[in-house]
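Comments concern the structure below.
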Amino acid sequence: MKVSIIQFPGTNCEYDTQYAFEKLGATTEIVWHKETSIAADTDLVVVAGGFSYGDYLRSGAIARFSPVMQAVEAHAARGGKVLGICNGFQVLTESRLLPGALKRNEHLHFISRHHHLKVVGNENTFLQKLNKGDVVNIPIAHHDGNYYIDPEGLKALYDNDQVLLHYCDSEGNVSNPNGSVDAIAGVCNADKNVFGLMPHPERAMESILGSADGKAMLEGFFAS
Amino acid sequence: MKAIVNVFLKQGVLDSQGKAVHHALDSLKFDGVNDVRVGKQIVLDLTAADEASAKAEVTEMCESLLANTVIEDYAIEIVS
């Protein structure tokens, strides 16, 4: 399992992501955004969290034009797997690799805390180790995590099992921290090889950090 | 030649910043406000030869970078 982790100026979760995947047994490589290619044996590209280009203009808007993103788009077009976490999710929506967009949190606050998530769709690589309805505890840390998609787009997401996770409380009841449409925390593309979520599974790898629930999520990429 | 680009969230997409400003104006007893939208203005100094080519170029900029057309509308004004 080879994971290529994309690093823009302002990315700050690349080493947590590297730690998480190496802990699970992957070999990893951090790829600077000026690179025009990613390793040919890459199984998974991770667009890590942070504040790419300081989130100037809009979160993820400028990162989309970095040279490496052409290689990421080509990898996705070949059916290669891509995971965007937090700012990486924003970059993937700006690149139109994922549907929808992320707006400022409804209450305009930066939110940084653990939050529960309910698994909505597990018929995909990413969440295959979890069951529908499972509740996991994963940190969130974002200012622009308010997922928006128009009603038609939302219907298409559900029809095609592209909604991955809902924000919820510890009992699994809907609890929406940021105003996202339908409390959506993560989605995938129609071909189910590109995944994005605002929460940070790579920060939930050890119970000493408050939760090890991120392991079950990232392990999905290791199963065939 | 200058272009002024105004970018706002689309009608129907909740503008939380606008709501917060509206609420603050209410608190200050400015009760004659129906709605507030907060957007951003981008002013471009261009080398374009004429208004039509300036408009075409800025439209392309808006579509590719300046606005996210999933959630935002933009309006372009060319001023000399």
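Line order of the protein sequences matches chains R and D. If you use my numbering, the first sequence corresponds to residues 1297 to 1520, in order. If you use my numbering, the second sequence corresponds to residues 189 to 268, in order. Quick reminder that beta carbons are idealized off the backbone N, C-alpha and C, glycines included.
Residue span of the beta strand (DSSP E) that contains residue i, given as start and end
i          : result
R/His-1411 : 1407-1415
R/Phe-1380 : The residue you asked about is not Phe; residue 1380 of chain R is Gly in the sequence shown. Per DSSP, R/Gly-1380 belongs to the beta strand (DSSP E) from 1377-1381.
R/Ser-1249 : The structure shown does not extend to residue 1249 of chain R, since chain R spans only 1297 to 1520, so no value can be given for it.
R/Ala-1397 : 1397-1399
R/Leu-1505 : Looking at the DSSP string, R/Leu-1505 is not in any beta strand (DSSP E), and its letter there is neither H nor E.
R/Pro-1473 : Here R/Pro-1473 belongs to no beta strand (DSSP E), and DSSP marks it neither H nor E.
D/Leu-254  : Counting along the chain, D/Leu-254 falls outside any beta strand (DSSP E), and DSSP gives it neither H nor E.
R/Gln-1303 : 1298-1303
D/Val-195  : 190-197
Under the three-state DSSP convention, the category residue i falls into
i          : result
R/Lys-1319 : helix
D/Ser-205  : It is worth fixing the name first, because residue 205 of chain D is Gln in this sequence and not Ser. DSSP places D/Gln-205 in helix when its eight states are reduced to three.
R/Cys-1309 : coil
D/Asp-233  : strand
D/Lys-217  : coil
R/Pro-1497 : helix
R/Leu-1514 : helix
D/Ser-268  : coil
R/Tyr-1349 : helix
R/Leu-1388 : helix
R/Glu-1596 : This structure gives no information on residue 1596 of chain R, because the portion of chain R shown stretches from 1297 to 1520.
Run of the alpha helix (DSSP H) containing residue i, from where it starts to where it stops
i          : result
D/Ser-241  : 239-249
R/Ala-1452 : 1447-1455
Check whether the segment 257-264 of chain D and the segment 207-216 of chain D are in contact - that is, three or more C-beta pairs closer than 8 Å. no
Would the segment 1412-1422 of chain R count as touching the segment 1449-1461 of chain R if we require 3 or more Cβ pairs under 8 Å? yes
Any chance the segment 1500-1510 of chain R sits against the segment 1372-1381 of chain R, with 3 or more Cβ pairs inside 8 Å? no
Taking three-plus beta-carbon pairs below 8 Å as touching, is the segment 237-254 of chain D in contact with the segment 1488-1495 of chain R? no
What residues in the segment 1374-1401 of chain R have a beta carbon less than 7 Å from any beta carbon of chain D? Glu-1390, Gly-1396, Ala-1397, Lys-1399 and Arg-1400
Could you name the residues of the segment 228-255 of chain D whose beta carbon sits closer than 8 Å to any beta carbon of chain R, in the order they occur along the chain? Leu-253 and Leu-254
Chain D contacts made by the segment 1442-1454 of chain R, where a contact means CB separation under 7 Å: Tyr-1444
Tell me which residues of the segment 201-218 of chain D have at least one Cβ-Cβ distance to chain R shorter than 8 Å, keeping chain order. Val-201, Leu-202, Ser-204, Gln-205 and Ala-208
Tell me whether the segment 1384-1404 of chain R and the segment 1469-1488 of chain R touch, counting them as touching only if at least three CB pairs, one residue from each stretch, are closer than 8 Å. yes
Do the segment 1299-1308 of chain R and the segment 1333-1343 of chain R touch if we need at least three Cβ pairs shorter than 8 Å? yes
Looking at C-beta atoms only, is the number of pairs between the segment 1463-1472 of chain R and the segment 1403-1414 of chain R that lie closer than 8 Å three or more? yes
Positions along the segment 1327-1359 of chain R whose CB lies within less than 8 Å of some CB in chain D: Leu-1353, Arg-1354, Ala-1357 and Ile-1358
Which residues of the segment 1489-1503 of chain R have a Cβ closer than 7 Å to any Cβ of chain D? Give them in chain order. none
Cβ contact (3+ pairs, closer than 8 Å) linking the segment 1431-1438 of chain R and the segment 193-203 of chain D: no
Near-chain D residues of the segment 1456-1480 of chain R (beta-carbon distance less than 9 Å), N- to C-terminal order: Gly-1475
Contact residues within the segment 1413-1431 of chain R, judged by C-beta distance below 9 Å to chain D: none
Any chance the segment 1475-1482 of chain R sits against the segment 1361-1368 of chain R, with 3 or more Cβ pairs inside 8 Å? no
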